[in-house]
Structure formats: structure tokens, C-alpha cells
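Notes follow once the structure below has been shown.
There are 2 protein chains.
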Amino acid sequence: MVTTTAARRRQEAKVRYDAYLAGCPSRQLLELIGNKWTALILAGLHNGPQRHSELARHIAGVSQKMLTQTLRNLERDGLITRTVTASVPVRVDYALTPLGHDLQRVVQPLKDWAEQHMEQVLTHRAAQPGALPEAITI
Amino acid sequence: MVTTTAARRRQEAKVRYDAYLAGCPSRQLLELIGNKWTALILAGLHNGPQRHSELARHIAGVSQKMLTQTLRNLERDGLITRTVTASVPVRVDYALTPLGHDLQRVVQPLKDWAEQHMEQVLTHRAAQPGALPEAITI
Chain A
1 MVTTTAARRR QEAKVRYDAY LAGCPSRQLL ELIGNKWTAL ILAGLHNGPQ
51 RHSELARHIA GVSQKMLTQT LRNLERDGLI TRTVTASVPV RVDYALTPLG
101 HDLQRVVQPL KDWAEQHMEQ VLTHRAAQPG ALPEAITI
Chain B
1001 MVTTTAARRR QEAKVRYDAY LAGCPSRQLL ELIGNKWTAL ILAGLHNGPQ
1051 RHSELARHIA GVSQKMLTQT LRNLERDGLI TRTVTASVPV RVDYALTPLG
1101 HDLQRVVQPL KDWAEQHMEQ VLTHRAAQPG ALPEAITI
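Just so you know, the protein sequences line up as chains A and B, in that order. Following our numbering, the numbering of the first sequence begins with 1 at its first residue and continues without gaps. Following our numbering, the numbering of the second sequence begins with 1001 at its first residue and continues without gaps.
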């Protein structure tokens, strides 16, 4: 927390969040929004609502559990809506909220950066002493 | 992989990366660069090199193991440099590379977004049926 007079004044209306503080909820939010599944879900919903099954197909390799959990977290935080249509079988659609669209604009460059700079990163990895270019671990 | 003629031509010089593909290395890179510790380290090094101990102090609550592992991954990928000065005790400094500075510009908005929108997200969480405002899990 910044403790200048200006910040203190602002605290009457609003708390200051600082992800450098271990206990600050913004650090946990940063973990959710930086999550790779979040980035892929937001990018997938950018052009319009999608059904659960469409998202699962689109995001290759995501487990059912991880997809469901991430969607739940995003819904809880007001970033996506979940609409259930009483048909047979039941239809579930996900869509970005205005806040989700706002976040998508911030997260999209991360996915783009990873795709655009992969070559440079792999070149650097291969140049490491004792590097195995195939061995990509994080 | 996109298999249009244009993309195929481009593949002679350069591979296309797509984080939607389970086996694409860019998905693993996305995981590293979206990591909250990465965001906090890059933001910490934005204004100049820092010693290991400074970073550890700055990023409250990070474990020694997690900090070391993240720094190693960032160094391996050419995003930071590690400079060892033979003094007593040995001094280790970390600094952003040009590629690291480039990534920092993309990651910083994520940290800012989390801090700036925390209030809205918490309000939304508290409005959930059966929500406990204190229970923040991700």
C-alpha cells in the first residue's frame, strides 16, 4: 500500500491493490488472468459466444476439469456469462461480458507475443551450453 | 498449422506457431510469460538491474525455489541476463535483455489490469449466490 496523503485520501473511496504484496487479492487475479487457458478461452470468445463443446474442441489438449474450472472462475469474476438453454440435450453458451472484452484486449498481446517470438526463444535455448533443442520444459 | 499456400511458402523460412495446438511450443512459452512471478520479475527489472536478494525482497512471498526456477527459465529463453561478480560474497545481478524489455511492455498491462479492476471483480464475486467475499480462490 502507498501511504502518501493522496493515496490515503483515495482509500476512503477505494483500496489500492499491489500485486507485489503477498496477501493482495490482485496477485491471485493476476494468476487467473495470466493463465494460458484463460488467454485461449478469452481469445476463443472474442468473435462471439461459443458452446462448451466448441471451446473444448478449439483448445486442443485441455482437460475437461481444467476447462470447467477456468470457465467457472471467469464467470465468478464477471468476465464471462454462462447461458443455459433448456433443450434436449441442454445447451450451454459462454460469452464475454464488457469487462471480459476489456481483459481480452490486454491478454491477446501475450498470446500473439508467444507465437511471434517463439523462433527467437528457441534459437536462444538451442545456443545454451548443453542444450537439447527438443527438450522444452518450463 | 495453417496450410494455405501463403503459409506454406512462409514455412520455408519460418514455422507458424499456434498456441491453440496442444503440442505447439508457443503454448508452453505462453505459460511461462503469463506466470505471475514472471510478470512481477519483469516489472521489477524494468527500471534497471537488480540483485537476487533485491528481487526476493521486492516480490513478497515468493519461495526461493520458485524465484530461482523462474529466473533460470527467463535466462534460458533469452529474456534476462545473469551476471556474476567474483566478490565476497559473490554478487549476482539480473537485467532485462532487449527481448525481455519487449516482453515487459506486453506483460505490464496484465499486472496493471489486475490492480485496477480488482474492485470490480470483488464486487462481482460478492454478488454471487452463496458467495463468501473473503474466500478468494483460483
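Yeah, the Cβ is synthetic: ideal placement off N, Cα and C, and Gly gets one too. Just so it is clear, the structure is predicted and the values come from calculations on it, not from any experiment.
When Cβ-Cβ separations below 9 Å define contact, Tyr1094(B) makes no contact with chain A.
For Gln1028(B), the secondary structure class from DSSP, reduced to helix, strand or coil, is helix. Listed along chain B, the residues sitting closer than 7 Å to Leu21(A) by beta-carbon distance are Ala1060.
At a cut-off of 9 Å between C-beta atoms, Lys65(A) does not count as an interface residue with respect to chain B. Residue burial annotation: Pro1049(B) is exposed, with fewer than 16 other C-beta atoms found within 10 angstroms of its C-beta. Counting every other CB atom within 10 Å of its CB across the protein chains shown gives Thr1070(B) a total of 16 or more, marking it as buried. In terms of beta-carbon proximity, Arg1051(B) stays away from the interface with chain A, with every pair separated by 9 Å or more.
Note on Gly1023(B): under 16 other CB atoms within 10 angstroms of its CB, so exposed under the neighbour-count rule.
Assigned with DSSP and collapsed to three states, Thr1083(B) falls in strand. Sixteen is the threshold: when 16 or more other Cβ atoms of the shown chains lie within 10 Å of the Cβ of Gly1034(B), as they do, the residue is buried. Interface flag for Thr1083(B) against chain A is unset, since no Cβ pair is found closer than 9 Å. Listed along chain A are Gly78, Leu99, each with a C-beta nearer than 8 Å to that of Gln1120(B).
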